[in-house]
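Novice: Below you will find the structure I want to go over with you.
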Ligand SMILES: [Mg+2]
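Residue numbers (my numbering): -8 to 365.
Quick look at the structure:
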């Protein structure tokens, strides 16, 4: 069995709004073998940048596009291919989008491997601990407390017992920050699990002050209060905060996570499968588990990454919540025939071969804006 084609496709919905949401476009990597098997993966990044990393021709032994490195290889050898891609892209890769593009390839290879063996990815990763996981509705804040309260009511009425609110306008002022979180608590009710995603807006001391304020509303984690590179700040904050600190969604690969793990800088490590692939996400899971911290997925894009997240999260012994993006985007709901979303606040782990989801090719055709590798 050999890789014969690596197709890269960019999809984009019609009305792209200026907001912090990944599910308005997508970059898909589709790996096909000479004997007719196929797998699909995606990256959560700027689609055009990822596509250029897949498409780039040979330039140098350690500066080579991914397609060039994959054609003719055995797709089942996921760990060796990860190492090969890492080494042969060192002059532009190693971190950030270089790893993110590799993650899309890796997701496709694992999907293909599952189909080759007729098994779900969670089984190939070693087996699932959970058949379903409690989901939290993940959504953005309203523009003030009252709007945020209504958003909370909406998702609580939809059956979620946990809701996370994120990003703008958090960080504009202390008064508005407090108003947003108070509105969120009122919206989800006394019993709901409240999670707050600040969106990288404060220094560590301001974040500590907010953590104390949000503890009054019984927020159960404060996510990304600091800029993503402030590892020392996260460690300082985590040692002092009255509520757990979550972060990691921006990290690409094991090397990016390493200092956070070694410095015990976080309570909850959020791993995005569309930035780490299964190969590095499995490695990161083991290291975080042995450090004693908790794991959650990060996912704010299509049902492909939602399915990938579930396969991985189900292999995390102490998985306690699944991030269920509830953005109202056709890409979130229609890219696959299967709807990968919670029902009554719980989400089931897919059990079909590979990712266990199938692309809606009609949807792909209607939203396709660029393609290479056919
Ligand atoms: Mg976040």
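Virtual Cβ for every residue (Gly too), placed ideally from N, Cα, C.
Quick caveat, the model's predicted, so the values are computed rather than measured.
If the criterion is Cβ atoms closer than 7 Å, does the pair residue 213 and residue 234 meet it?
Specialist: Residue 213 sits at position 222 when you count from the first residue of the chain shown. Residue 234 sits at position 243 when you count from the first residue of the chain shown. Yes.
Novice: Which of helix, strand or coil does DSSP assign to residue 321?
Specialist: Reading the chain shown from its first residue, position 330 is the one you call residue 321. Helix, per DSSP.
Novice: If you draw a straight line from the C-alpha of residue 322 to the C-alpha of residue 303, how long is it?
Specialist: On the chain shown, position 331 is the one that residue 322 refers to. On the chain shown, position 312 is the one that residue 303 refers to. Each residue's Cα considered, the two are about 22 Å apart.
Novice: For ligand 1, is there a heavy atom less than 6 Å away from the beta-carbon of residue 240?
Specialist: As a first step, residue 240 is located in the chain shown; it is residue number 249 there, counting from the start. Within the cutoff, so yes.
Novice: Tell me, to the nearest whole angstrom, how far the beta carbon of residue 102 is from that of residue 30; I am working on the premise that it is less than 8 Å.
Specialist: Position 111 of the chain shown holds residue 102. Position 39 of the chain shown holds residue 30. Sure, about 4 Å apart at Cβ, within 8 Å.
Novice: Since residue 336 and residue 151 should fall inside the 8 Å C-beta cutoff, what is the C-beta to C-beta distance between them, to a whole number of angstroms?
Specialist: The sequence position of residue 336 within the chain shown is 345, counting from 1. The sequence position of residue 151 within the chain shown is 160, counting from 1. That pair is a contact at about 5 Å.
Novice: Starting from the Cα of residue 362, find the closest Cα among 298, 18, 339, 50 and give me that residue.
Specialist: Here residue 362 refers to the residue found at position 371 when the chain shown is read from its first residue. The shortest C-alpha separation from residue 362 is found at 18.
Novice: So what's residue 99 in DSSP terms, helix, strand or just coil?
Specialist: Position 108 of the chain shown, counted from the first residue, corresponds to residue 99. Note: residue 99 maps to helix in three-state DSSP.
Novice: How about residue 45 and residue 57: do their beta carbons lie closer than 7 Å?
Specialist: Along the chain shown, one-based indexing puts residue 45 at 54. Along the chain shown, one-based indexing puts residue 57 at 66. Closer than 7 Å, so yes.
Novice: With residue 285 as the anchor, note down where its beta strand (DSSP E) starts and where it stops.
Specialist: Counting from one through the chain shown, the residue named residue 285 turns up at place 294. Note, residue 285: beta strand (DSSP E), 285 to 288.
Novice: Starting from residue 24, follow its DSSP beta bridges and name the residues at the other end.
Specialist: In the chain shown, counting from the first residue as 1, residue 24 sits at position 33. Per DSSP, -6.
Novice: Output yes or no for whether 7 Å exceeds the beta carbon distance between residue 112 and residue 130.
Specialist: Against the chain shown, residue 112 aligns to sequence position 121. Against the chain shown, residue 130 aligns to sequence position 139. Cβ atoms of residue 112 and residue 130: not closer than 7 Å.
Novice: Could you tell me which residues DSSP puts in a beta bridge with residue 18?
Specialist: In the chain shown, counting from the first residue as 1, residue 18 sits at position 27. The partner list for residue 18 (beta bridge, DSSP) reads 1, 34.
Novice: Assign residue 82 to one of two classes, buried (16 or more other C-beta atoms within 10 Å of its C-beta) or exposed (fewer than that).
Specialist: Residue numbering aside, residue 82 sits at position 91 when the chain shown is read from its first letter. Looking at its Cβ environment, which holds fewer than 16 other Cβ atoms inside 10 Å, residue 82 is exposed.
Novice: For a test of the three-state rule: what should DSSP assign to residue 51, helix, strand or coil?
Specialist: On the chain shown, position 60 is the one that residue 51 refers to. Of the three classes helix, strand and coil, the one that applies to residue 51 here is strand, per DSSP.
Novice: State buried or exposed for residue 157, treating a residue as buried only when at least 16 other CB atoms are found within 10 Å of its CB.
Specialist: Along the chain shown, read from residue 1 onward, the residue named residue 157 stands at position 166. Classification for residue 157: buried.
Novice: Between residue 373 and ligand 1, is there a pair consisting of the residue's CB and a ligand heavy atom that are separated by less than 6 Å?
Specialist: Any property of residue 373 remains undetermined from this structure, which presents the chain solely from -8 to 365.
Novice: Between the segment -4 to 10 and the segment 69 to 76, do three or more beta carbon pairs fall short of 8 Å?
Specialist: Result no; under three Cβ-Cβ pairs closer than 8 Å.
Novice: With a CB to CB cut of under 7 Å and the five nearest residues on each side skipped, what residues in its chain are close to residue 368?
Specialist: Past the edges of the chain, shown from -8 to 365, lies residue 368, and the structure says nothing about it.
Novice: Please determine if the segment 289 to 304 and the segment 130 to 140 are in contact, where contact requires at least 3 C-beta pairs separated by less than 8 Å.
Specialist: Short answer: they don't touch.
Novice: I'd like the list of long-range same chain contacts for residue 134, defined as Cβ closer than 7 Å, with 5 residues on each side in sequence excluded.
Specialist: The residue labelled residue 134 in the question sits at position 143 within the chain shown. Within the same chain, residue 134 has close Cβ partners 160.
Novice: Identify the residues that DSSP records as bridge partners of residue 313: which are they?
Specialist: Position 322 of the chain shown holds residue 313. Note: residue 313 sits in a beta bridge opposite 126.
Novice: According to the Cβ coordinates, are residue 416 and residue 139 closer than 7 Å?
Specialist: Given a span of -8 to 365 for the chain in the structure shown, any question on residue 416 remains unanswerable.
Novice: In three-state terms, what does DSSP make of residue 10?
Specialist: Looking up residue 10 in the chain shown gives position 19. Three-state result, residue 10: coil.
Novice: For residue 35, verify whether its CB is less than 6 Å away from any heavy atom of ligand 1.
Specialist: Stepping through the chain shown from its first residue, residue 35 is reached at position 44. Every heavy atom of ligand 1 is 6 Å or more from the Cβ of residue 35, so no.
Novice: Specify, as a first and last residue, the run of the alpha helix (DSSP H) that residue 353 falls within.
Specialist: In the chain shown, residue 353 corresponds to position 362, counting from 1. Segment 352 to 358, the alpha helix (DSSP H) holding residue 353.
Novice: Between residue 102 and chain C, is the shortest Cβ-Cβ distance under 7 Å, so that the two count as touching?
Specialist: The structure shown has no chain C; it contains just one protein chain.
Novice: On the CB-based measure, 16 or more other CB atoms within 10 Å of its CB, does residue 86 come out buried or exposed?
Specialist: As a position in the chain shown, residue 86 is number 95, starting the count at 1. Exposed is the call here.
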